[in-house]
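In the numbering used here, the protein residues as written are 1 to 394.
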């Protein structure tokens, strides 16, 4: 117990507040049980420690991949710390602890004056396990850096998020204001290759190899234990990710994929669903209502453009990068589906056709609420909007 307390004190003492992610202002920190989910490397630990420094109650940071929890139940550790006066518990890497849901349920019910702020893998489903936390936990999902946040890190340009309605109504004036402050074209290209995960700051030269290592860890250490996956399934996941990374974008033929990987059709569909939950893929469907994993997606994208550069020799395909970026940024706060005409439908209301600077409205002619989203332009006009500004949604 003493070692855990000292480790917490050392961690918080050596922590520098630094850059704050968008989610820190969206979380209701007064909730008694807060669960923050996200891919490895997006900044969940930093978010926990930043908030911990604000907490007035006696607080402790515990990482549940510590070997102490291999032979000690969390519920007993918390009870002992409670007797020492601790009332706020910041629990990191909760997915590495097998009893996480039932222990948190019991702790929540038994200690009404305690706050738990918990981080875990994006694949955790709070309804699973013996402890159903769906009625107790306030759940938030932390995405990777938006292009807006990347500008803050790279150029110290502190700009607020812009809503989708604001972009559609006033993109020209907004673009003019932003492009006066930075070389948007240069920074945007750099962001597509390096800017989604905050750890790019540590070393750009090692960034892609570390991103590949992180993806492998997600498959083998985060996803596998919770879904009881075999080594063969993990290998097939890696093959599937590579196949998708080589396509621009990938329009799936499930039967051919199943034949190529020597598995059933349903296994392929379940694998795709798990990879989306793990934030490695983005699946685009015609509808998001009542969707089960057994329904074939219409298109498959890597979850973000940085993965495309790390995985694929085809990352230079601009069309694929543009669509991957748009889907990644817009999907954080909006519903995105495949329309009959155009590339993306957002919130069942707006149609977007993605392309380069010379993209025309031919494919969306006559469609109401339809827009051209164009790369390689700084400022748009009318219904032609620059692609980069959709990176300001969060």
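Every residue, glycine too, gets a C-beta built ideally from N, C-alpha and C. Just so we're clear, the structure is a prediction, and the values are computed from it rather than from any experiment.
Asked: What residue range does the beta strand (DSSP E) around residue 411 cover?; Found: Look at the range of the chain in this structure, 1 to 394, and you will see that residue 411 is not part of it.
Asked: Taking the alpha-carbon positions, what's the residue 141 to residue 244 distance?; Found: 25 Å
Asked: Take residue 305 and list the residues in its own chain whose beta-carbon comes closer than 6 Å to its own, dropping the five residues that flank it on each side.; Found: 192, 321, 324 and 325
Asked: Apart from the five residues just before and just after residue 220, which ones in its own chain have a Cβ nearer than 7 Å to its Cβ?; Found: 234
Asked: Buried or exposed: where does residue 52 fall if 16 or more other Cβ atoms within 10 Å of its Cβ makes it buried?; Found: buried
Asked: Between which residues of its own chain and residue 303 is the CB-CB distance below 7 Å, once the five residues before and five after are set aside?; Found: 279, 280, 281, 282 and 328
Asked: Going by DSSP, what residues sit across from residue 38 in a beta bridge?; Found: 121
Asked: Curious, which full-length beta strand (DSSP E) runs of at least 3 residues does the stretch 9-58 contain?; Found: 33-38
Asked: Are there 16 or more other CB atoms within 10 angstroms of the CB of residue 217, so buried, or fewer, so exposed?; Found: exposed
Asked: Below 8 Å, how does it come out for the stretch 114-124 and the stretch 247-264: are there three or more Cβ pairs, yes or no?; Found: no
Asked: Thinking C-alpha only, which one of 367, 366 and 371 is nearest residue 359?; Found: 371
Asked: To the nearest angstrom, how far is it from the Cα of residue 173 to the Cα of residue 391?; Found: 16 Å
Asked: List the residues that DSSP assigns as beta-bridge partners of residue 373.; Found: 354 and 385
Asked: For residue 212 versus residue 143, is the C-beta distance shorter than 7 Å?; Found: no
Asked: For residue 288, count neighbouring Cβ atoms within 10 angstroms of its own Cβ and tell me buried if that reaches 16, exposed if not.; Found: exposed
Asked: Using CA coordinates, which residue listed in 317, 284, 295 and 294 is at the minimum distance from residue 301?; Found: 284
Asked: Is residue 158 close to the ligand ZN? I mean its beta-carbon at under 6 Å from any heavy atom of the ligand.; Found: Absent from the structure shown: the ligand ZN. Ligands present: none.
Asked: Do residue 347 and residue 334 have their C-beta atoms closer together than 7 Å?; Found: yes
Asked: Let's see if you can read the secondary structure: which residues bound the alpha helix (DSSP H) around residue 188?; Found: 184-194
Asked: Residue 166 to residue 225, Cα distance in whole Å?; Found: 43 Å
Asked: On the CB-based measure, 16 or more other CB atoms within 10 Å of its CB, does residue 272 come out buried or exposed?; Found: buried
Asked: In terms of residues, what are the limits of the beta strand (DSSP E) holding residue 88?; Found: 88-92
Asked: Could you name the residues of the same chain whose beta carbon sits closer than 7 Å to that of residue 368, not counting the 5 residues immediately before and after it, in chain order?; Found: none
Asked: Taking the alpha carbon of residue 41 as the reference point, which residue from 138, 207, 228 and 354 has its own alpha carbon closest?; Found: 207
Asked: When burial is assigned at 16 or more other CB atoms within 10 Å of the CB, is residue 242 buried or exposed?; Found: exposed
Asked: Buried or exposed for residue 294, going by 16 or more other Cβ atoms inside 10 Å?; Found: exposed
Asked: Would you call the stretch 54-72 and the stretch 88-108 in contact, with 3 or more CB pairs under 8 Å?; Found: yes
Asked: Tell whether a beta-carbon distance below 7 Å holds between residue 68 and residue 380.; Found: no
Asked: Just checking my contact of residue 50 with residue 20 at CB under 8 Å: how many whole Å lie between their CB atoms?; Found: 6 Å
Asked: Could you tell me the alpha carbon to alpha carbon distance between residue 101 and residue 133, rounded to whole angstroms?; Found: 7 Å
Asked: Using DSSP's beta-bridge definition, name the partner residues of residue 345.; Found: 337 and 351
Asked: Which residues does DSSP list as the beta-bridge partners of residue 282?; Found: 301
Asked: Return the chain-ordered list of same chain residues with a C-beta closer than 7 Å to the C-beta of residue 364, the five sequence neighbours on each side being excluded.; Found: 341, 342, 351, 353 and 370
Asked: Over the uninterrupted alpha helix (DSSP H) stretch that includes residue 80, give me the two end residues.; Found: 74-83
Asked: Could you spell out where the alpha helix (DSSP H) holding residue 231 opens and where it closes?; Found: 231-245
Asked: Restricting to Cα atoms, I'd like to know which of 299, 164 and 259 is closest to residue 388.; Found: 164
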